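First the structure, in the form of structure tokens, and then the observations on it.
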Amino acid sequence: GAVVSQHPSWVICKSGTSVKIECRSLDFQATTMFWYRQFPKQSLMLMATSNEGSKATYEQGVEKDKFLINHASLTLSTLTVTSAHPEDSSFYICSVGGNQETQYFGPGTRLLVL
Amino acid sequence: AQKVTQAQTEISVVEKEDVTLDCVYETRDTTYYLFWYKQPPSGELVFLIRRNSFDEQNEISGRYSWNFQKSTSSFNFTITASQVVDSAVYFCALATGGATNKLIFGTGTLLAVQP
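Residue numbers (the working numbering), protein chains in the order written: chain A, 1 to 114; chain B, 115 to 229.
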């Protein structure tokens, strides 16, 4: 399967600041990556589909101006949480569509906004 | 509408017991994919199995087995002789329009295996 990394693994920031999270596909060229969000003890919810070289597709209810996604290469997608607020504190996890038609997930990034 | 239901929120078993995690899905598509993922306390999602809608053959992998029944729209997961290391949250997920399309997750089942 695909090997996916995320950086940072955790981040604490002050309210109002922006935070960038990187998702890298280490052994697979990914034209599509996915960003999910998971609140404590809840399921994963898809936020957006990141498409290499084009605009991301956002799920209903996700603010595209707040969660900026850039997929500039086949191995890197970034999610920027702009003007983060405490309610944005969550576990953000990306995935890559690897071989055998399976999505492989990164280790996730825990964001805490104070 | 597409939906995945995992009715069991939490299950607690004693080591060496067998345990079955239930998953019921809804979709109108004839082509779809079902998945199970394991999420240990560290948070990463570990892929366990993928099954497409045209393959109802059950599968066994070591202590893990999966029972796919289209007639009841279920894709249940059984762990035989459970171990403490099996303690995690297990998610069932559905993808339509291709397995690398977006995943719809169930709410997860927290499995606690007591020594």
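Heads up, the beta-carbon is just placed ideally off N, CA and C, and yes, glycines get one too. Since the model is a prediction, treat every value here as computed from it, not as a measurement.
Check	Outcome
Between the Cα of A:C23 and the Cα atoms of A:Q103, A:L114, A:R110 and A:V96, which residue gives the shortest distance?	A:V96
Rounded to a whole number of angstroms, what is the C-alpha to C-alpha distance between A:F67 and A:V81?	5 Å
Based on the DSSP output, what are the partners of A:F28 in its beta bridges?	In the DSSP output, where bridge partners are listed per residue, A:F28 has none listed.
Could you check if B:Q199 is buried or exposed, using at least 16 other CB atoms within 10 Å of its CB as the buried criterion?	Sequence check: residue 199 of chain B is Val here, not Gln. Exposed, because fewer than 16 other Cβ atoms sit within 10 Å of the Cβ of B:V199.
Measuring CA to CA, which of A:T75, A:G108 and A:S5 is closest to A:S50?	A:T75
Does any residue of chain A have a CB that is nearer than 8 Å to the CB of B:T296?	No statement about residue 296 of chain B is possible, as the shown extent of chain B runs from 115 to 229 and does not include it.
In chain order, what residues of the same chain have a beta carbon less than 7 Å from the beta carbon of B:A202, not counting five sequence neighbours either side?	K152, Q153, P154 and L225
Does any C-beta atom of chain A lie closer than 8 Å to the C-beta of B:E170?	no
By the 9 Å beta-carbon criterion, what residues does the segment 101-112 of chain A contribute toward chain B?	E101, T102, Q103, Y104, F105, G106, P107, G108 and R110
Taking only beta-carbon positions, decide if B:L159 is within less than 8 Å of chain A.	yes
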